[in-house]
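Participant: Structure incoming, see below.
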Amino acid sequence: MGETGRPVGAGFNGEADPPVGGRASIVLNMGPQHPSTHGVLRLLLELEGETIVKAEPDIGFLHTGIEKECEDKFYQQVVPLTDRVDYLANLSNNLCYCLAVERLLGLEIPPMAQWMRVMLTELTRISSHLLWLGTHAIDIGAMSVFLYCFREREDLLRIFEMFSGQRMMTSYFRIGGLALPPPRGWEGPVRKFLDAFPSKVDEYEDLLTNNPIWLVRTKGVGHVPLEDLIDLGVTGPMLRAAGLAWDLRKAEPYSSYEKFDFEIPTRTEGDVYARYQVRVEEMRQSARIARQAMEGMPSGPHVAHAPKVVLPDRERMKTEMEALIHHFKIIYEGFKVPAGEVYQAIESPRGELGYYVVSDGGPKPHRVHIHGPSFGNLQATAKMIEGRLIADVIAALGSMDFVLGDVDR
Amino acid sequence: MLPEPLAGDPIAKAIDETEPGSVTGGGWAYGEQTLEIDPARIVAVCRFLKEQQGFIRLADLTAVDWHPREPRFEVVYHLHAFEGNRRLRLKCRVGGEPPEIDSVTCVWRSANWHEREVYDLFGIRFRGHPNLKRILMPEDWEGHPLRKDYPVHGYRYSYKDE
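In the order they appear, the protein sequences are chains H and W. 510 is the number of the first residue of the first sequence in our numbering; add one for each residue after it. 172 is the number of the first residue of the second sequence in our numbering; add one for each residue after it.
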């Protein structure tokens, strides 16, 4: 693999620059099937011994053309595609897309649907963070945390299945409200989960927070100054771990987040350990929001009154002529959305998720651009690992919590 | 010279004072501000907005194809300022073949991948970009999939014969 002079194999950018420092270096190809890249990320690492001289992420292995496909579908048919963008936080993606289209349509969403959306997106945040914590810990060598996290994540997936019939590809939020009225007795499993969850977080913290191996592997690793993070397009928990208390749920409240009481956890160290602390605290705060939403859940309809946009109730469709016509027209012709454009941003578990929807007045979107938070976060990779040891790459990548579906779309 | 509807707008006015004639239009819709910028001046305007107006983050950069209108592409920049949580959308219309515009990677480093994505999917070239090559599609791919005249199923496969 390695020899003096030119690195063997694919170089960076196809350019022929000599190895930095003039010493022998090799290019190590990490991924796209490396387990710790959490998907299909390929990293090109130029190494001098065990030190990384230069790093370049190579993405695109999971590109599925979702944005192109959106342009060929009716507005309501895009919702299931959004599940597949960030498949670990599918409800956040459903929510962001629906909010964008609802703004274009000028739809008023009933309070019950809004609160249900808040509760379920917070549970999604917990489930996404649980997966992150489990895999991050297993990468660094803590096997048992993974099993504990997946135990709780399983409860959450059962809750999503109870609401939508699907564990992961839920598509539960639709333009105008929710896909289905919440099932009878939904409070039972949600309450059971929320009652038990804080003690489970304590359990994870017992295993990790003061664990000497964990501390050595994470403290001071992957540090990037705040200004660089902002300039590189990083958002979400990584910014908050570097000291910026910025959260879209507070800064630009959507879906009645302004009515909930919660805190934005921050740290100032900006290293892998700080990101761990921020995300663990976020899980506690999310549970707090979900509990408030569950206990204060307003009653009322689960969809907005907009017969030309929202599919009619199944029973009414079978007995009323007008409802049948609306049903037929929405399915076959879609609904028209006034010409215009919106950029809707929400705080997904990974950072700012933005949907830029452009309408030309027809029933299909003219353009849907998805700004995935992982796309921005991943640009900081090189800055985070250059000059460090190869073992730190695993810790730094894990702390970024990216999802390749979100990067490549 | 500001266009008439923007005369009272503080940001448009500030831009126009430093870069006269660079703002060619704009307005508010759905609570979001849009400014249309002369493509030849985009880097200077972005640098001014970042350094003087606090828009230190480029939230998003993408393009929209308005085929067959000319100039057919809109390059869209979403700027964000943490102070006051302000957002601003800039638009530049570019045409020709290949369409070209100056890169803003010298203003925000995060534009790097976004511009590569726009180049990859729309075929818009960014002058001065440090590493302009395909990012999502394979390197030997032909065509730019997000153009409106690119079929959804691609060129290579046709369902007609089946």
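No residue lacks a Cβ here, since even glycine has one placed at the ideal position from N, Cα and C.
Could you tell me the alpha carbon to alpha carbon distance between residue 743/H and residue 776/H, rounded to whole angstroms?
Facilitator: Taking the first sequence and counting its residues from 1, the one referred to as residue 743/H is at position 234. Taking the first sequence and counting its residues from 1, the one referred to as residue 776/H is at position 267. Approximately 16 Å between the Cα atoms of the pair.
Participant: Give every residue of the same chain whose Cβ lies closer than 8 Å to the Cβ of residue 757/H, excluding the five residues on either side of it in the sequence, and list them in chain order.
Facilitator: As a position in the first sequence, residue 757/H is number 248, starting the count at 1. Taken in chain order, the residues that qualify are 763, 854, 855, 856, 861.
Participant: Please report the straight-line C-alpha distance between residue 683/H and residue 823/H, rounded to a whole angstrom.
Facilitator: Along the first sequence, one-based indexing puts residue 683/H at 174. Along the first sequence, one-based indexing puts residue 823/H at 314. Near 16 Å, if we compare the C-alpha coordinates of residue 823/H and residue 683/H.
Participant: Which same chain residues, not among the five before or five after residue 774/H, have their C-beta less than 7 Å away from its C-beta?
Facilitator: Along the first sequence, one-based indexing puts residue 774/H at 265. Correct list, in chain order: 749, 787, 790, 791, 794.
Participant: Taking just the CA atoms, how far does residue 643/H sit from residue 539/H?
Facilitator: The count along the first sequence starts at 1 and reaches residue 539/H at position 30. The count along the first sequence starts at 1 and reaches residue 643/H at position 134. Distance between the alpha carbons of residue 539/H and residue 643/H: 21 Å.
Participant: Do the segment 683-696 of chain H and the segment 715-724 of chain H touch if we need at least three Cβ pairs shorter than 8 Å?
Facilitator: The segment 683-696 of chain H is not in contact with the segment 715-724 of chain H.
Participant: Nearest to residue 907/H by alpha carbon, out of 544/H, 686/H, 878/H, 536/H?
Facilitator: In the first sequence, residue 907/H corresponds to position 398, counting from 1. When each option's Cα is compared against that of residue 907/H, the closest is 544/H.
Participant: What span of residues does the beta strand (DSSP E) with residue 235/W cover, start to end?
Facilitator: As a position in the second sequence, residue 235/W is number 64, starting the count at 1. 228-236 is the extent of the beta strand (DSSP E) around residue 235/W.
Participant: With 16 other CB atoms within 10 Å as the buried threshold, where does residue 585/H fall?
Facilitator: Indexing the first sequence from 1 puts residue 585/H at position 76. It is buried - the Cβ of residue 585/H has at least 16 other Cβ atoms within 10 Å.
Participant: Does the structure place the segment 601-619 of chain H close enough to the segment 813-821 of chain H that three or more beta carbon pairs sit under 8 Å?
Facilitator: They touch, by the three-pair rule.
Participant: Can you tell me which residues form a DSSP beta bridge with residue 567/H?
Facilitator: Here residue 567/H refers to the residue found at position 58 when the first sequence is read from its first residue. Note: residue 567/H sits in a beta bridge opposite 551/H.
Participant: Select from 740/H, 611/H, 725/H, 661/H the residue whose C-alpha is nearest the C-alpha of residue 712/H.
Facilitator: Counting from one through the first sequence, the residue named residue 712/H turns up at place 203. Of the candidates 740/H, 611/H, 725/H, 661/H, the one whose C-alpha sits nearest the C-alpha of residue 712/H is 661/H.
Participant: Taking the alpha-carbon of residue 858/H as reference, which of 632/H, 709/H, 901/H, 549/H has the nearest alpha-carbon?
Facilitator: In the first sequence, residue 858/H corresponds to position 349, counting from 1. Out of 632/H, 709/H, 901/H, 549/H, 632/H has the C-alpha closest to the C-alpha of residue 858/H.
Participant: Applying a beta-carbon distance threshold of less than 7 Å, which residues of chain H neighbour residue 233/W?
Facilitator: Here residue 233/W refers to the residue found at position 62 when the second sequence is read from its first residue. In chain order: 865, 878.
Participant: Please compile the residues from chain H whose C-beta is within a distance smaller than 8 Å of the C-beta of residue 226/W.
Facilitator: Here the question's residue 226/W lines up with position 55 in the second sequence. Near residue 226/W there are no residues of chain H at all, since even the closest Cβ is about 11 Å away, more than 8 Å.
Participant: Taking the straight line between their C-alpha atoms, what separation do you get for residue 845/H and residue 680/H?
Facilitator: In the first sequence, counting from the first residue as 1, residue 845/H sits at position 336. In the first sequence, counting from the first residue as 1, residue 680/H sits at position 171. C-alpha separation (whole angstroms): 21 Å.
Participant: Could you tell me whether the Cβ of residue 238/W comes closer than 8 Å to any Cβ of chain H?
Facilitator: Here the question's residue 238/W lines up with position 67 in the second sequence. Taking Cβ atoms only, chain H never reaches closer than 8 Å to residue 238/W, which makes this a no.
Participant: Ends of the alpha helix (DSSP H) at residue 262/W?
Facilitator: To locate residue 262/W, count along the second sequence from 1; it is residue 91. Here residue 262/W belongs to no alpha helix (DSSP H); instead the beta strand (DSSP E) covers 257-265.
Participant: From the beta carbon of residue 194/W, is the nearest beta carbon of chain H less than 8 Å away?
Facilitator: Within the second sequence, the letter at position 23 stands for residue 194/W. No, because no Cβ of chain H sits closer than 8 Å to the Cβ of residue 194/W.
Participant: Would you mind telling me which residues of chain W sit closer than 8 Å to residue 888/H, beta carbon to beta carbon, in chain order?
Facilitator: Within the first sequence, residue 888/H is the residue found at index 379, counting from 1. Near residue 888/H (Cβ distances below 8 Å), the residues of chain W are 280, 281, 283, 284.
Participant: According to DSSP, is residue 948/H part of a helix, a strand, or is it coil?
Facilitator: The structure shown does not extend to residue 948/H, since chain H spans only 510 to 918, so no value can be given for it.
Participant: CA-CA distance, residue 800/H and residue 537/H?
Facilitator: Mapped onto the first sequence, residue 800/H falls at position 291. Mapped onto the first sequence, residue 537/H falls at position 28. Spanning the two alpha carbons is a distance of roughly 47 Å.
Participant: Could you give the first and the last residue of the continuous beta strand (DSSP E) run that contains residue 864/H?
Facilitator: In the first sequence, residue 864/H corresponds to position 355, counting from 1. Residues 860-868.
Participant: Return the chain-ordered ranges of every alpha helix (DSSP H) run that is complete within the segment 657-720 of chain H and spans a minimum of 4 residues.
Facilitator: Qualifying alpha helix (DSSP H) stretches, in chain order: 696-717.
Participant: Could you please tell me which residues of the segment 734-753 of chain H, in chain order, have their CB closer than 9 Å to any CB of chain W?
Facilitator: Under the 9 Å Cβ criterion, the segment 734-753 of chain H contributes 736, 737, 739, 740, 741, 742, 743, 744, 753.
Participant: What does residue 199/W pair with, by DSSP beta-bridge criteria?
Facilitator: Counting from one through the second sequence, the residue named residue 199/W turns up at place 28. BP columns for residue 199/W point to 204/W.
Participant: Check residue 510/H in the structure and name its three-state DSSP category.
Facilitator: In the first sequence, residue 510/H corresponds to position 1, counting from 1. Below a pLDDT of 50, predicted positions are generally treated as unreliable, and residue 510/H, at 37, falls in that range; no measurement from the model is reported.
Participant: Within 8 Å, do at least three Cβ pairs link the segment 235-248 of chain W to the segment 285-301 of chain W?
Facilitator: Touching, yes, given that three or more Cβ pairs across the two stretches are closer than 8 Å.
Participant: Please classify residue 187/W as buried or exposed, where buried requires at least 16 other C-beta atoms within 10 Å of its C-beta.
Facilitator: Within the second sequence, residue 187/W is the residue found at index 16, counting from 1. By the neighbour-count rule (16 or more Cβ atoms within 10 Å), residue 187/W is buried.
Participant: State the beta-bridge partners of residue 852/H as determined by DSSP.
Facilitator: Counting from one through the first sequence, the residue named residue 852/H turns up at place 343. Partner(s): 865/H.
Participant: Going by beta carbon distance, what residues of the same chain come within less than 8 Å of residue 257/W, once the five residues before and after it are set aside?
Facilitator: Here residue 257/W is taken as the residue at index 86 of the second sequence, counted from 1. Taken in chain order, the residues that qualify are 225, 226, 251.
Participant: Could you pull the start and end residues of the beta strand (DSSP E) that residue 252/W belongs to?
Facilitator: Here residue 252/W refers to the residue found at position 81 of the second sequence. Residue 252/W -> beta strand (DSSP E) spans 244-252.
Participant: Beta carbon of residue 900/H, beta carbon of residue 731/H: below 8 Å?
Facilitator: Here residue 900/H corresponds to residue number 391 of the first sequence, with the count starting at 1. Here residue 731/H corresponds to residue number 222 of the first sequence, with the count starting at 1. No, Cβ-Cβ distance for residue 900/H and residue 731/H is not below 8 Å.
Participant: How long is the line joining the alpha carbons of residue 848/H and residue 269/W, rounded to whole angstroms?
Facilitator: In the first sequence, the residue the question calls residue 848/H occupies position 339. In the second sequence, the residue the question calls residue 269/W occupies position 98. In a straight line, the C-alpha of residue 848/H is about 28 Å away from that of residue 269/W.
Participant: Determine the closest residue to residue 839/H out of 821/H, 771/H, 852/H, with distance taken between C-alpha atoms.
Facilitator: In the first sequence, residue 839/H corresponds to position 330, counting from 1. Checked all of 821/H, 771/H, 852/H; the closest Cα to residue 839/H is 821/H.
Participant: Return the bridge partner residues of residue 560/H from the DSSP annotation.
Facilitator: The residue given as residue 560/H occupies position 51 in the first sequence. In the DSSP output, where bridge partners are listed per residue, residue 560/H has 557/H, 898/H.
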